[in-house]
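Contents: one structure, followed by commentary.
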Amino acid sequence: MTWPQQPGPPRRSGAGAWVAFGAVVVVVVAFGVTAFVAPGFLRPTRTVAGVGQVVPGASVAAPPSSDAAPPSAGDGPPVSIPAARTPEPHRPQPLADPSSCSYPADPNGPAAKPATPPADGPQPASGTVGATLATTAGDIGLTLDRALAPCTVASFVTLAREGFYTGTSCHRLGTTDLQMLQCGDPAGDGTGGPGYTVPDEFFPQLTYGRGLVALANTGQPTSGGSQFFLMFGDTPIPPTYTVFGTVSDAGLGVLDKVARGGVDTSSASAYGDGTGRPRIPVTFTAVTVQG
1 MTWPQQPGPP
11 RRSGAGAWVA
21 FGAVVVVVVA
31 FGVTAFVAPG
41 FLRPTRTVAG
51 VGQVVPGASV
61 AAPPSSDAAP
71 PSAGDGPPVS
81 IPAARTPEPH
91 RPQPLADPSS
101 CSYPADPNGP
111 AAKPATPPAD
121 GPQPASGTVG
131 ATLATTAGDI
141 GLTLDRALAP
151 CTVASFVTLA
161 REGFYTGTSC
171 HRLGTTDLQM
181 LQCGDPAGDG
191 TGGPGYTVPD
201 EFFPQLTYGR
211 GLVALANTGQ
221 PTSGGSQFFL
231 MFGDTPIPPT
241 YTVFGTVSDA
251 GLGVLDKVAR
261 GGVDTSSASA
271 YGDGTGRPRI
281 PVTFTAVTVQ
291 G
């Protein structure tokens, strides 16, 4: 930060100065002393970019450190959650019904919890499936849309019926730039999966936000597995995550409660993006599907 520099003191006249100018020198020296001793007299104003003038002598807050923990319910401003839902996306062109799906083994390693993938082959690409996530924070209802993501819906239904999700906890909450709760990892740290991968079913027109549920991935093609994220607010991400359903109104109420509880700051540094474990634990006691 650059502030106006303090001017240097007036130069004194040499020992051989003319006596005729003695009175002038005395006046100049007196003026200079007053300028740097008297409070507020000719004191430069400090200016902070983007803030404006700062009263001389006032303290200026240091910029926040990039290592500082993100705000949470206990040590930051209230979480701002939008009220309006994001419209449910629709494919520009319907998929073939049924659609062919395959679930190859995960090249990154074995399952964190034993799971049997759906059989490779055709899966229905129309209709919806209801699901209920019974959690320690409250029930979260889902409507899974086969027309959006038939292969992903088939995988989720299979894992739910196997009891794969029961006993797992949602390990990642974002309340600022990424407003979502991520769940479905039996390892509990973002690394676990079912031992197989799910084909990508996203498309360029996808947008994300409040009320949608999408499959997490590693950023590599066909790397989705069991982890998914429930969005309760703004989620500005590229269209590279498969949306496969919506969250019920009551379920959004549960997510809002968890979000307002804040992020556990002791876990936030592991992600480096302000997300971390929710302060209000969310553990699945049962995951059931209907239809």
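Each residue of the sequence shown is one higher than the one before, counting from 1 in UniProt numbering. Glycine included, each C-beta is placed from N, C-alpha and C at the ideal position.
Whole-angstrom C-beta distance between residue j and residue i, which should lie under 8 Å
{"i": "residue 169", "j": "residue 193", "result": "Residue 169 to residue 193, Cβ: 15 Å. No contact."}
{"i": "residue 245", "j": "residue 213", "result": "5 Å"}
{"i": "residue 181", "j": "residue 278", "result": "7 Å"}
{"i": "residue 101", "j": "residue 183", "result": "So it is not a contact: roughly 22 Å between Cβ atoms."}
Among the options, nearest to residue i - alpha-carbon criterion
{"i": "residue 177", "options": "289, 288, 106 and 235", "result": "235"}
{"i": "residue 237", "options": "261, 257, 228 and 209", "result": "209"}
{"i": "residue 153", "options": "117, 181, 82 and 233", "result": "117"}
{"i": "residue 97", "options": "79, 124, 107 and 204", "result": "124"}
{"i": "residue 82", "options": "270, 231 and 291", "result": "231"}
{"i": "residue 174", "options": "206, 254, 229 and 151", "result": "229"}
{"i": "residue 95", "options": "122, 186 and 87", "result": "122"}
{"i": "residue 92", "options": "251, 252, 250 and 206", "result": "206"}
{"i": "residue 88", "options": "79, 243 and 172", "result": "243"}
{"i": "residue 254", "options": "84, 90, 139 and 172", "result": "139"}
{"i": "residue 99", "options": "161, 250, 84 and 119", "result": "119"}
{"i": "residue 107", "options": "220, 270, 84 and 265", "result": "220"}
{"i": "residue 188", "options": "90, 270 and 78", "result": "270"}
Beta-carbon proximity of residue i to residue j, cut-off 7 Å
{"i": "residue 112", "j": "residue 164", "result": "no"}
{"i": "residue 248", "j": "residue 141", "result": "yes"}
{"i": "residue 144", "j": "residue 131", "result": "yes"}
{"i": "residue 310", "j": "residue 110", "result": "Because the chain in this structure spans residues 1 to 291, residue 310 falls outside the shown range and cannot be described."}
{"i": "residue 224", "j": "residue 217", "result": "yes"}
{"i": "residue 157", "j": "residue 289", "result": "yes"}
{"i": "residue 197", "j": "residue 104", "result": "yes"}
{"i": "residue 204", "j": "residue 222", "result": "no"}
{"i": "residue 275", "j": "residue 172", "result": "yes"}
is_contact[residue i, chain C] using C-beta, thresh 7 Å
{"i": "residue 215", "result": "Although the question refers to chain C, the structure presented lacks it and comprises just one protein chain."}
Proximal residues to residue i (C-beta, below 6 Å), its chain only, five neighbours per side dropped
{"i": "residue 38", "result": "Residue placement at residue 38 cannot be trusted, given a pLDDT of 31 that sits under 50; what the coordinates show is reported in the next sentence. Closer than 6 Å at the Cβ level, and outside the excluded window around residue 38, lies no residue."}
{"i": "residue 280", "result": "137, 258 and 261"}
{"i": "residue 134", "result": "285 and 286"}
{"i": "residue 233", "result": "81, 82, 179 and 210"}
{"i": "residue 186", "result": "112, 113, 168 and 192"}
{"i": "residue 251", "result": "140 and 141"}
{"i": "residue 79", "result": "175, 259 and 260"}
{"i": "residue 90", "result": "none"}
heavy atom of the ligand SAM below 6 Å from residue i C-beta
{"i": "residue 229", "result": "Absence of the ligand SAM from the depicted structure is noted, as is the absence of any ligand whatsoever, leaving it without description."}
Chain-order list of residues whose beta-carbon lies under 8 Å from that of residue i (same chain, five-residue window excluded)
{"i": "residue 272", "result": "none"}
{"i": "residue 291", "result": "127, 128, 129 and 130"}
{"i": "residue 84", "result": "210"}
Other residues of its chain near residue i: CB distance less than 7 Å, five sequence neighbours each side excluded
{"i": "residue 126", "result": "97, 146 and 147"}
{"i": "residue 240", "result": "202"}
{"i": "residue 162", "result": "115 and 116"}
{"i": "residue 159", "result": "115, 165, 194 and 226"}
{"i": "residue 256", "result": "81 and 232"}
{"i": "residue 18", "result": "Caution applies to residue 18, whose pLDDT of 37 falls short of 50 and renders its modelled position unreliable; the value that the coordinates give is listed next. Counting only Cβ-Cβ distances below 7 Å, and skipping sequence neighbours, we find nothing."}
For this session: Identify every run of the beta strand (DSSP E) within the region 183-262, keeping only runs that are complete inside it and at least 3 residues long; order them along the chain.
Result: 212-215, 228-231 and 243-247
Exercise. Taking only runs of the alpha helix (DSSP H) that begin and end inside the region 84-170, which ones reach a length of at least 4 residues, in chain order?
Worked result: 150-162
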